[in-house]
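Protein chains in written order, with UniProt numbering: chain A, 1 to 159; chain B, 1 to 159; chain C, 1 to 159; chain D, 1 to 159; chain E, 1 to 159; chain F, 1 to 159. Ideal Cβ positions, reconstructed from N, Cα and C, are used throughout, including at glycine. Heads up, the thing below is written out as structure tokens.
6 protein chains.
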Amino acid sequence: MSLSHFDAAGHAHMVDVSEKTETARLAVAEGWVKMTAQTLDLATEGRADKGDVIGTARLAGIMGAKRTADLIPLCHPLPIAKVALDITPDASLPGLRLRATVKTTGRTGVEMEALTAVSTAALTIYDMLKAAEKGMEIGGIRLALKEGGKSGRYEAPAP
Amino acid sequence: MSLSHFDAAGHAHMVDVSEKTETARLAVAEGWVKMTAQTLDLATEGRADKGDVIGTARLAGIMGAKRTADLIPLCHPLPIAKVALDITPDASLPGLRLRATVKTTGRTGVEMEALTAVSTAALTIYDMLKAAEKGMEIGGIRLALKEGGKSGRYEAPAP
Amino acid sequence: MSLSHFDAAGHAHMVDVSEKTETARLAVAEGWVKMTAQTLDLATEGRADKGDVIGTARLAGIMGAKRTADLIPLCHPLPIAKVALDITPDASLPGLRLRATVKTTGRTGVEMEALTAVSTAALTIYDMLKAAEKGMEIGGIRLALKEGGKSGRYEAPAP
Amino acid sequence: MSLSHFDAAGHAHMVDVSEKTETARLAVAEGWVKMTAQTLDLATEGRADKGDVIGTARLAGIMGAKRTADLIPLCHPLPIAKVALDITPDASLPGLRLRATVKTTGRTGVEMEALTAVSTAALTIYDMLKAAEKGMEIGGIRLALKEGGKSGRYEAPAP
Amino acid sequence: MSLSHFDAAGHAHMVDVSEKTETARLAVAEGWVKMTAQTLDLATEGRADKGDVIGTARLAGIMGAKRTADLIPLCHPLPIAKVALDITPDASLPGLRLRATVKTTGRTGVEMEALTAVSTAALTIYDMLKAAEKGMEIGGIRLALKEGGKSGRYEAPAP
Amino acid sequence: MSLSHFDAAGHAHMVDVSEKTETARLAVAEGWVKMTAQTLDLATEGRADKGDVIGTARLAGIMGAKRTADLIPLCHPLPIAKVALDITPDASLPGLRLRATVKTTGRTGVEMEALTAVSTAALTIYDMLKAAEKGMEIGGIRLALKEGGKSGRYEAPAP
Numbered sequence: 001m002s003l004s005h006f007d008a009a010g011h012a013h014m015v016d017v018s019e020k021t022e023t024a025r026l027a028v029a030e031g032w033v034k035m036t037a038q039t040l041d042l043a044t045e046g047r048a049d050k051g052d053v054i055g056t057a058r059l060a061g062i063m064g065a066k067r068t069a070d071l072i073p074l075c076h077p078l079p080i081a082k083v084a085l086d087i088t089p090d091a092s093l094p095g096l097r098l099r100a101t102v103k104t105t106g107r108t109g110v111e112m113e114a115l116t117a118v119s120t121a122a123l124t125i126y127d128m129l130k131a132a133e134k135g136m137e138i139g140g141i142r143l144a145l146k147e148g149g150k151s152g153r154y155e156a157p158a159p
Numbered sequence: 001m002s003l004s005h006f007d008a009a010g011h012a013h014m015v016d017v018s019e020k021t022e023t024a025r026l027a028v029a030e031g032w033v034k035m036t037a038q039t040l041d042l043a044t045e046g047r048a049d050k051g052d053v054i055g056t057a058r059l060a061g062i063m064g065a066k067r068t069a070d071l072i073p074l075c076h077p078l079p080i081a082k083v084a085l086d087i088t089p090d091a092s093l094p095g096l097r098l099r100a101t102v103k104t105t106g107r108t109g110v111e112m113e114a115l116t117a118v119s120t121a122a123l124t125i126y127d128m129l130k131a132a133e134k135g136m137e138i139g140g141i142r143l144a145l146k147e148g149g150k151s152g153r154y155e156a157p158a159p
Numbered sequence: 001m002s003l004s005h006f007d008a009a010g011h012a013h014m015v016d017v018s019e020k021t022e023t024a025r026l027a028v029a030e031g032w033v034k035m036t037a038q039t040l041d042l043a044t045e046g047r048a049d050k051g052d053v054i055g056t057a058r059l060a061g062i063m064g065a066k067r068t069a070d071l072i073p074l075c076h077p078l079p080i081a082k083v084a085l086d087i088t089p090d091a092s093l094p095g096l097r098l099r100a101t102v103k104t105t106g107r108t109g110v111e112m113e114a115l116t117a118v119s120t121a122a123l124t125i126y127d128m129l130k131a132a133e134k135g136m137e138i139g140g141i142r143l144a145l146k147e148g149g150k151s152g153r154y155e156a157p158a159p
Numbered sequence: 001m002s003l004s005h006f007d008a009a010g011h012a013h014m015v016d017v018s019e020k021t022e023t024a025r026l027a028v029a030e031g032w033v034k035m036t037a038q039t040l041d042l043a044t045e046g047r048a049d050k051g052d053v054i055g056t057a058r059l060a061g062i063m064g065a066k067r068t069a070d071l072i073p074l075c076h077p078l079p080i081a082k083v084a085l086d087i088t089p090d091a092s093l094p095g096l097r098l099r100a101t102v103k104t105t106g107r108t109g110v111e112m113e114a115l116t117a118v119s120t121a122a123l124t125i126y127d128m129l130k131a132a133e134k135g136m137e138i139g140g141i142r143l144a145l146k147e148g149g150k151s152g153r154y155e156a157p158a159p
Numbered sequence: 001m002s003l004s005h006f007d008a009a010g011h012a013h014m015v016d017v018s019e020k021t022e023t024a025r026l027a028v029a030e031g032w033v034k035m036t037a038q039t040l041d042l043a044t045e046g047r048a049d050k051g052d053v054i055g056t057a058r059l060a061g062i063m064g065a066k067r068t069a070d071l072i073p074l075c076h077p078l079p080i081a082k083v084a085l086d087i088t089p090d091a092s093l094p095g096l097r098l099r100a101t102v103k104t105t106g107r108t109g110v111e112m113e114a115l116t117a118v119s120t121a122a123l124t125i126y127d128m129l130k131a132a133e134k135g136m137e138i139g140g141i142r143l144a145l146k147e148g149g150k151s152g153r154y155e156a157p158a159p
Numbered sequence: 001m002s003l004s005h006f007d008a009a010g011h012a013h014m015v016d017v018s019e020k021t022e023t024a025r026l027a028v029a030e031g032w033v034k035m036t037a038q039t040l041d042l043a044t045e046g047r048a049d050k051g052d053v054i055g056t057a058r059l060a061g062i063m064g065a066k067r068t069a070d071l072i073p074l075c076h077p078l079p080i081a082k083v084a085l086d087i088t089p090d091a092s093l094p095g096l097r098l099r100a101t102v103k104t105t106g107r108t109g110v111e112m113e114a115l116t117a118v119s120t121a122a123l124t125i126y127d128m129l130k131a132a133e134k135g136m137e138i139g140g141i142r143l144a145l146k147e148g149g150k151s152g153r154y155e156a157p158a159p
């Protein structure tokens, strides 16, 4: 098995996609931020009157998706057509669950854009709540769904 | 408990640190990327002759740390004095473990810079190995150690 | 009336444009920087031999247009095909009038790119002349013309 | 009168501030976005349940302040210590009034950071409401207050 | 002869490419970093066990190519389809020779992207080796080959 | 001899400068763009009435210096205190000679900022004149002078 991000000599390169056709592509990524129940209360009450942790993280995730090619060395720049981020409290975690959906019409997929959206939003949640709890953990970041392109559909097994 | 990133009216702001003194500050963050044993072999063999997954991820993490204030809406820009990233294979995971150390002399801490370094490096590992395995998972991202500043020393409990 | 930048639940998202067709799009935006007649003399004399305020502002505006999707959270990244900025002295203001023209072939319009070009150029004019006059005012920033796309042609009424 | 952003030959340069002392500096800038009363209703209702125009603009303005030295060619990069943005509805405009406060401890002032925060937030308001009204106008952008540094205190006259 | 980056009045603008057709485009640029034989030994030994100067420079060049439109004022943003960088030791220089290949399918060429890749990689080589030798020189940066677009094929004469 | 940008294991890191003292630092870098005499005429006439190649390149170089830590992987972000760029025609080359001066008060030197200013300005000159001559060459990029910091003064020998 060879990795496409390296050439025959093992040197990193941004792989040539100029021969690929432009097709509709979709990726969904997910993740979570685990915290104490008290911190989760702060994050969710916050939406009403103390400050909007979730809204801030959502915007940071959307903006982060647009910076993917700046951050990930061998990612192609892509004209992103859609980014949406669902961030929902889960008392059983306890914490916040994140799910990013990204679409494009292009020559490569948007998996990295979706994963970067989730990561950036999760980091922002950490930043906004760290005064209350330094021990939060970010995890469960993975690709949930991918459609379009030559490699076709991928759906992650249930976690 | 109120969150420092919101003012009394609940509006997000970049909190005023101008009255804080410049002190030496350190943060260590950690995380991992879980993959199959075969993918881990690809990642580690790669260092020798097929392409350097770990070296690429390390650079991406270092550069990501410098972009923290661009990515996290309410983070202060900081003159980072040091960034180092250890990325080591762990056959028991199986996968790669990441550990970032960031230092500054400044008015706020560098927790977010260390966490951003780990996240960016983990995303880069995913990007470089995704042709081999789409089901990799990024997790265990947390602050391991923090020193300096008014709130003092924090060390995470053993995982 | 609902706003396209929010979904049904009121959450901000980057709206899906993947079903839109790529068409030629044009936007023209305008604005001004008001200053004293003496400061205007400085700005315009400057072109000849004391330093080029207007040329510097023009370049800043063109470069600013390319950063639009970085600055405006829910803007789509776009392959800009043209940016031009006219900056002309107007003794009756007194001050400088700015007019930016932006074109693309894409799935969304370039209104924000044109408005960002005008704003960035106006800020640069302020920066370069503020040693002479801190009381300058930036105003009159509006969309003058928009063509292309499903919503069709828009032309602002005379000011 | 000569402009500090040009040298003796009239060439643009980033002026040498290395001999200046680091002092506490504050700048306040203001501006507005004028719209119809119906659009203003959309913007303010939005906070409750249809989507948060004002919250999004506030974050964009804070993040924009951090990009000032990237956008304005001759601005010095500065370690910003505080950014806050007040955005309040004004039925008599009708529209939204913006006011940004920026602080640093550094060798140059933060006027441009405050003005850039206001401009970026105003552009974001336009972007989020343009589906409802293309004819909105951005204006009244000016420096309201400046403290610190050799040139001392400046306060704008009442508008 | 007039320069396309200026309009009839001599004002800089980003030239209108919206009427051009999207075609496959290729550019190859080259350059070198001259150093003493001892420094070259450090750079090349480094690959094995002391640190990877060449691998770091290659990544910096690839990432630099993606920043071209941010750096060069009148460059159009382009969806880069491929970037590869060859960096090879040349004992007769002595030093390292760089060669960047960039492809896109777009309305303008990728000469500037290829030249920026070479320049950024060369600067990174200087940065990583400057502790050993401050007197290194970067030179020979030129366009080697260009294909596609209305102006057709260009191949540089042998150096 | 070991290279400071690698740790004992040969891994790239951003070296720890937190123990260094903040001192005044200066760097001067130089380079040139070689072209035919006719192209040089275009570039220099341009200043008067056809468009300002040199002024555009100067601004690009100044802005490029501010992006150094974004472009060069292991460079520390620095609060640049001054950037100036001299660009002068040299009929004996024939071409344009560039010389950048950068100052800071910080914990590391500004050699890379000065070299990046020269490189970015040279690339911009190429971009603006490439319609007239594709065969231009960029070279002679080197550090001319460095002052401040523990390693002291360095002055390049006459070329």
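Per DSSP, Tyr126/B forms a beta bridge with which residues? Beta-bridge pairing links Tyr126/B to no other residue.
Can you list, in chain order, the residues of its chain with a C-beta nearer than 7 angstroms to that of Lys66/C? Leave out the 5 residues immediately preceding and following it. Ile80
Going by CA-CA distance only, name the one from Glu30/F, Leu143/F, Ile138/F that's closest to Thr116/E. Ile138/F
Quick one, which residues of the region 99-123 of chain D are near chain A if we go by CB-CB under 9 angstroms, in chain order? none
Within 10 Å of its beta-carbon, does Glu22/A have 16 or more other beta-carbons around it, so buried, or fewer, so exposed? exposed
How long is the line joining the alpha carbons of Ala156/C and Ile141/C, rounded to whole angstroms? 12 angstroms
In chain order, which continuous runs of the alpha helix (DSSP H) of length 4 or greater are located wholly inside the region 28-59 of chain C? 37-45
Grab me the residues of Thr124/A's own chain with a C-beta within less than 8 angstroms of its C-beta, minus the 5 sequence neighbours each way, in chain order. Thr56, Ala57, Ala60, Gly61
Buried or exposed by the 16-neighbour rule on C-beta atoms within 10 Å, applied to Arg99/D: buried
Between Gly148/B and Arg25/B, is the Cβ-Cβ spacing less than 7 angstroms? yes
Please compile the residues from chain A whose C-beta is within a distance smaller than 9 angstroms of the C-beta of Thr56/D. Gly55, Leu59
Between the CA atoms of Thr68/F and Lys130/F - distance to the nearest angstrom: 25 angstroms
Rounded to whole angstroms, what is the Cα-Cα separation between Gly135/B and Met128/A? 30 angstroms
Contact criterion: CB-CB distance below 7 angstroms. Does Ile125/B meet it with respect to chain F? no
Output the distance between the C-alpha atoms of Gly31/C and Trp32/D, rounded to the nearest integer angstrom. 14 angstroms
Around the C-beta of Lys150/B, are 16 or more other C-beta atoms found within 10 angstroms, so that it is buried, or is it exposed? exposed
Where does Asp7/E sit, in a helix, a strand or coil, going by DSSP? coil
8 angstroms contact criterion, which Ala9/A and Leu143/A should meet: CB distance rounded: Between Leu143/A and Ala9/A the Cβ distance is about 29 angstroms, and since that is not below 8 angstroms, they are no contact.
Where does the unbroken alpha helix (DSSP H) through Ala12/C begin, and where does it stop? Looking at the DSSP string, Ala12/C is not in any alpha helix (DSSP H), and its letter there is neither H nor E.
Three-state class that DSSP yields for Ile62/F in the structure shown: helix
If you reduce the DSSP assignment to three classes, tell me which class Thr120/C lands in. helix
Residue-level contact to chain E via CB, Val33/C, 7 angstroms cutoff: no
If you measure from the beta carbon of Ala69/C to each beta carbon in chain A, is any gap under 7 angstroms? yes
Spatial distance of Ala91/F from Ala37/F (CA atoms): 7 angstroms
Please report the distance separating the alpha-carbon of Ala114/A from that of Val118/B. 17 angstroms
Name the chain A residues whose beta carbon is nearer than 9 angstroms to that of Asp52/D? Asp52, Gly55
Residue closest to Thr88/E, alpha-carbon to alpha-carbon, out of Gly64/E, Glu111/E, Ala122/E, Glu133/E: Ala122/E
Taking 7 angstroms as the CB-CB limit, is Ser92/D close to chain C? no
Could you work out which residues of chain F lie near Ala12/D, taking near to mean beta carbons separated by less than 8 angstroms? Gly55, Arg58, Leu59, Ile62
In the DSSP output, what is Gly95/E paired with across the bridge? Lys34/E, Asp90/E
is_contact[Tyr83/C, chain A] using C-beta, thresh 7 angstroms: Correcting the residue type first, residue 83/C is Val in the shown sequence and not Tyr. Judged by the 7 angstroms Cβ criterion, Val83/C is not in contact with chain A.
So is Asp49/E buried or exposed if we call it buried at 16+ other beta carbons inside 10 Å? With a pLDDT of 43 at Asp49/E, under the threshold of 50, the predicted position of this residue should be treated as unreliable, though the coordinate-derived value follows. Under this definition Asp49/E is an exposed residue.
For Leu74/A, which residues of its own chain have a beta-carbon under 8 angstroms away from its beta-carbon, when the five flanking residues on both sides are left out? His5, Ala12, His13, Met14, Val15
Can you tell me the Cα-Cα spacing of Ala158/B and Gly64/B, whole angstroms? 26 angstroms
Below 8 angstroms on C-beta distance, what does His76/C contact in chain A? Pro79, Ile80, Ala81
Glu45/D classed as buried or exposed, judged by whether at least 16 other C-beta atoms fall within 10 angstroms: exposed
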